[in-house]
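Heads up: the structure comes next, in structure tokens.
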Amino acid sequence: MPLEFGLWRVDDKPVRVTTRPMRLEARLEELIEADAEILGRPLLLIGRQVQTDHGKFIDLLGMDVEGGLCVLELKRDRTPREVVAQLLDYGSWVQDLSNEQVREIYATYARGRGLAEELDEAFALRFGGSPPEELNSTHTLTVVASEIDAATERIVTYLASGYQVPLNVLFFRHFEDEGRAYLARTWLIDDAEAAVAPAGTKRRAKQEPWNGTDWYVSFGDEPGGRSWDDARRHGFVSAGGGDWFSRTIRSLPVGARVFTHIPKAGYVGVGTVSGEARPFDDAVLIVDGASRRMSDLPLQGGYWPENGSAVSASDTADRREWIVPVDWERSVPREEAFWRTGLFANQNSACKLRARFTIEEVSRHFGNG
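Residue 285 in the numbering used here sits at position 261 of the sequence shown; the count goes up by one each step and never skips.
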């Protein structure tokens, strides 16, 4: 069941804000296009009313930070069977889109809205970096509705949980208070359980669910830059140099278990996040049982990207190095990094680690299983 919640105004005594049926469902498409943040997940819209090869039109098509496609279909007045069947049909078409076709969809959308940016520029503006070389490596299917009924919930849960179809429902609660209207959103299936389908596969391999704890971290150990020896000795992971690099590592929650990987080397450590991400100048680490400002520690690496702020008054990008404290369960020097064919690797500084094979193999190697 989706999470149900109420809303209260507490200026004086608690007054419950009235929930009313949303008669704006036809407007949801415009509201989402006007500000995709309403979805609660970072998304770049690349198409609206996108025509498929089957003569149907996808309400909204988006792209996530990893280049995966997100199909959004409004329920409107259709039955659960109709809207879910439509989404599955769209998924069968979306999965085979090539890089060139994805770019053509965006170009058509941009021309229609009078946008001058190419896809690469729009992606950089939205996410702070370049899109991956391979677009549409995954896709998700989302029903957007003002309300859901029991039949929709049963069908979606059956397909998503039983057969790992990348299907979910995002529905909105509509509140009114003293002449003002508010929207609140709720996902039917928690993100930790939702599947993401690989694109271009005729037969769907079951997407492994996230266990809610394990994260992958890419640590850029480079001469003149951050140092893995520092990270091992003082207990941290870090990323920076731009929003693209630091955004994901800033999302690491306290208590997360991180599997740390050095690109082109392998896995070098497993540990538990012990504090929130902070910029280098504000970072405090526990060293030999005492709190120490990271800037006061003897460090081999450099953590001051020109130095940690915008390079000019007109440059508002956050280029600071962000530090996340970690209690290492086991870590090894770069020279002893563990790698074997089939292990997970990703270009993001941090992401949820769903790959059971990687979790088991790295844990076994480091004695954390």
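C-beta atoms are modelled at their ideal positions from N, C-alpha and C, and glycine is treated no differently.
| query | result |
| --- | --- |
| At least 3 beta-carbon pairs within less than 8 Å: the region 351-358 vs the region 260-275 | no |
| Residue from Arg317, Ala369, Leu111 whose Cα sits closest to the Cα of Val193 | Leu111 |
| Beta-carbon proximity of Gly244 to Gly152, cut-off 8 Å | no |
| Under 8 Å between C-beta atoms of Cys94 and Thr164 | yes |
| C-beta atoms of Phe81 and Val74 nearer than 8 Å | yes |
| Reduced DSSP secondary structure (H/G/I, E/B, other) of Ser338 | Residue placement at Ser338 is poorly supported in this model, since its pLDDT is 42, which falls under 50; the coordinates still yield a value, given next. Of the three classes helix, strand and coil, the one that applies to Ser338 here is coil, per DSSP. |
| Residue range of the unbroken beta strand (DSSP E) whose run includes Ser242 | 238-242 |
| Inter-residue spacing [alpha-carbon to alpha-carbon] between Phe304 and Ala174 | 50 Å |
| Nearest-angstrom Cα separation, counted from Ser122 out to Leu159 | 8 Å |
| Contacting residues, own chain, Cβ-Cβ under 8 Å from Glu359 (five flanking each side not counted) | none |
| Inter-stretch contact at 8 Å, needing at least 3 Cβ pairs: the region 59-66 / the region 132-146 | no |
| Three or more C-beta pairs below 8 Å linking the region 286-294 and the region 304-319 | no |
| Buried or exposed by the 16-neighbour rule on C-beta atoms within 10 Å, applied to Glu143 | Inspection of the sequence shows that residue 143 is occupied by Leu rather than by Glu. It counts as buried. |
| For Pro303, the residue or residues it bridges with in DSSP | Trp346 |
| Unbroken alpha helix (DSSP H) run spanning Ile273, endpoints | Taken as a continuous stretch (DSSP letters only), Ile273 belongs to no alpha helix (DSSP H), as it is neither H nor E. |
| Length of the line joining the Cα atoms of Thr237 and Gly299 | 15 Å |
| Closer than 7 Å: Ala208 CB and nearest the ligand GDP heavy atom | Absence of the ligand GDP is noted for the structure shown, with no ligands found whatsoever. |
| Under 8 Å between C-beta atoms of Phe147 and Glu171 | no |
| Per-residue DSSP class, three states only, for Arg228 | Confidence at Arg228 is low in this model, with a pLDDT of 41, below 50, so the placement of that residue is unreliable and no value is reported for it. |
| Cβ pair Leu149, Tyr240 closer than 8 Å | no |
| Boundaries (first-last residue) of the beta strand (DSSP E) holding Ser262 | 260-263 |
| Uninterrupted beta strand (DSSP E) stretches inside the region 111-192 (no shorter than 3 residues) | 162-169 |
| Reduced DSSP category for Ser352 - H, G, I as helix; E, B as strand; rest coil | Note that residue 352 is Trp in the sequence shown here, rather than Ser. Three-state result, Trp352: strand. |
| N-terminal and C-terminal residue of the alpha helix (DSSP H) that Phe390 is part of | 380-390 |
| DSSP three-state assignment for Ser319, whether helix, strand or coil | helix |
| Chain B within 8 Å of Asn123, Cβ atoms only | Going by chain labels, chain B is absent from the structure shown, which holds only one protein chain. |
| Burial state of Tyr114 (16 or more Cβ within 10 Å) | buried |
| Whole-angstrom distance between Gly30 and Thr210, CA atom to CA atom | 12 Å |
| Reduced DSSP category for Leu212 - H, G, I as helix; E, B as strand; rest coil | coil |
| Span separating the alpha-carbon of Val199 from that of Tyr206 | Going by the sequence as given, residue 199 is Phe instead of Val. Answer to the nearest angstrom: the Cα atoms are 5 Å apart. |
| Bounding residues of the alpha helix (DSSP H) (the contiguous stretch that carries Ile56) | 52-58 |
| Reduced DSSP secondary structure (H/G/I, E/B, other) of Glu200 | strand |
| Residues bridged to Trp32 [DSSP beta-bridge criterion] | Arg40 |
| Cβ neighbour criterion (16 or more within 10 Å) applied to Gln119 | buried |
| Candidates His78, Val294, Ala255, of which the one nearest Ser387 by Cα | Val294 |
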